[in-house]
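Have a look at the structure below before the remarks.
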Amino acid sequence: MILTNNFIETRSCYINKLDETENILRIEKKLGEDIDFDELINIDNAYRGLLENKSGKFLVVFAEDCSLTKEMKTKLASKERSSFKKAEALVIKTLANRIEANFYKKFYKPEHPLEIFETEAEGLRWLTSLN
């Protein structure tokens with residue numbers, strides 16, 4: 003894990019804090035890297051460190067090859083993970099990922115607000131519009 007002021011790089015993601023006031027994190031999934039449960043622990047620790055153990059808003063940019071197992075989707079939608087997420091904007095660029103993201107949102111029903119966008123600008127606008 004690489005850590006600098008407002009940036010952390012894990013095996014599978016680049017994570018940076020975009021806004022101190024709003025506590026917005028931008029997460030970019032690396033192309034060709036899968037997220038397993040051990041990596042998810044590293045990612046969650048990075049979130050908590052950047053957010054100083056507070057809740058925040060998440061702008062998640064998916065790589066084109068991103069796909070998640072049923073078990074991982076269940077974990078991502080859990081109360082434990084929703085506890086530090088005020089809201090989550092998913093930026094999806096491929097039709098296959100959009101279908102999977104819509105299924106995740108409707109079937110797994112995360113407890114925090116979650117919306118799907120085509121661009122980062124749209125997702126960021128939505129996140130900053132929330133209290």
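Residues 3 to 133, numbered by this note's numbering, are exactly what the sequence shown covers, in order. Think of the CB as a built atom: it goes at the ideal place given N, C-alpha and C, for glycine as much as any other residue.
Membership of TYR16 in the beta strand (DSSP E) is indicated by the continuous run 15-21. Our two residues, SER14 and LEU27, have alpha carbons roughly 16 Å apart in a direct line. Beta-bridge partners assigned by DSSP to GLY58: LYS87. Its Cα nearest to that of THR121, the residue ILE94 stands out among GLU102, ARG100, ILE94 and PHE105. In this structure, THR12 is the residue among ASP21, SER131 and THR12 with its C-alpha nearest to the C-alpha of LYS32. For LYS81, the secondary structure class from DSSP, reduced to helix, strand or coil, is helix.
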